[in-house]
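Working notes for the structure below.
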Amino acid sequence: MELLDHHLAKARADGILYPPELYNIMRSLYATRMAIQYVGKEKCPRLSSLLAGLQHEPGLEKELRKTISEEGDLRDDASPALKNIRRQINTSRNRIREYLQDFIRSGNNQKLLQDAIVTERDGRYVVPVRQEYRYEVRGIIHDESASGATVFIEPLAVVEHNNRIRSLQMEEKREI
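Numbering (our numbering), first residue to last: 1 to 176.
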């Protein structure tokens with residue numbers, strides 16, 4: 001209950017509550033509702049007296065369930081703007097993956113690659129390129145393997161798409 005009191009005090013002081021905090025409040029409201037229902041059904045006098053001071057806010061619990069997932073994340077449809085931002089992020093990610101998959105499958109590029117995979121480094125989509133071919137792939141080097149045999153390059157063709165994703169993620173953060 002102390003954690004819940006902390007979250008409520010923060011909210012009262014015009015503080016911002018983030019999804020994990022809202023999730024904790026939602027779970028507390030659910031637990032309160034279940035305890036009240038159980039005591040009501042089972043007629044437990046000792047529990048009943050302990051729970052007498054608890055109040056359940058069904059409207060608040062319902063609103064939180066609309067916006068917070070069972071994993072404690074803000075749902076995509078919590079607001080129209082958030083839904084749109086996340087849709088754009090997914091679209092951009094899919095475009096990058098498609099381009100990089102084509103890049104990997106290209107016969108000219110296969111010898112350059114350490115592995116035929118798309119991976120991420122620092123939130124950017126990259127391909128693993130053999131060290132000796134690092135200058136054959138035009139792009140930004142984001143990392144290298146511990147052995148130094150592989151460099152992770154973001155091809156220039158996807159830089160703008162990765163930048164778009166980063167901008168959308170910042171917009172998403174502001175919306176949340």
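Think of the CB as a built atom: it goes at the ideal place given N, C-alpha and C, for glycine as much as any other residue.
Hey, how far is the Cα of residue i from the Cα of residue j?
i, j, result
"residue 39", "residue 99", "59 Å"
"residue 36", "residue 10", "26 Å"
"residue 86", "residue 31", "31 Å"
"residue 116", "residue 70", "35 Å"
"residue 147", "residue 68", "43 Å"
"residue 73", "residue 157", "32 Å"
"residue 94", "residue 77", "20 Å"
"residue 137", "residue 122", "19 Å"
"residue 61", "residue 173", "24 Å"
"residue 19", "residue 120", "25 Å"
"residue 55", "residue 29", "9 Å"
"residue 152", "residue 104", "13 Å"
"residue 6", "residue 33", "20 Å"
"residue 155", "residue 12", "48 Å"
"residue 143", "residue 166", "18 Å"
"residue 58", "residue 23", "15 Å"
"residue 84", "residue 66", "17 Å"
"residue 132", "residue 90", "33 Å"
"residue 75", "residue 124", "24 Å"
How close, in whole Å, do the beta carbons of residue i and residue j come, if the pair is a contact with beta carbons under 8 Å?
i, j, result
"residue 26", "residue 64", "4 Å"
"residue 110", "residue 128", "About 12 Å separates the two Cβ atoms, so there is no contact after all."
"residue 168", "residue 88", "5 Å"
"residue 141", "residue 134", "7 Å"
"residue 175", "residue 79", "7 Å"
Give me whichever residues DSSP pairs with residue i in a beta bridge.
i, result
"residue 151", "129 and 144"
(request) Write down every uninterrupted run of the beta strand (DSSP E) in the stretch 64-141 whose length is 3 residues or greater and which is fully enclosed by it, in chain order. (result) Those beta strand (DSSP E) runs which fall completely within the stretch 64-141 and span 3+ residues are 119-121 and 124-130.
(request) Would you check if the stretch 87-104 and the stretch 156-175 touch, i.e. whether three or more CB-CB distances between them fall below 8 Å? (result) Verdict: yes, contact present.
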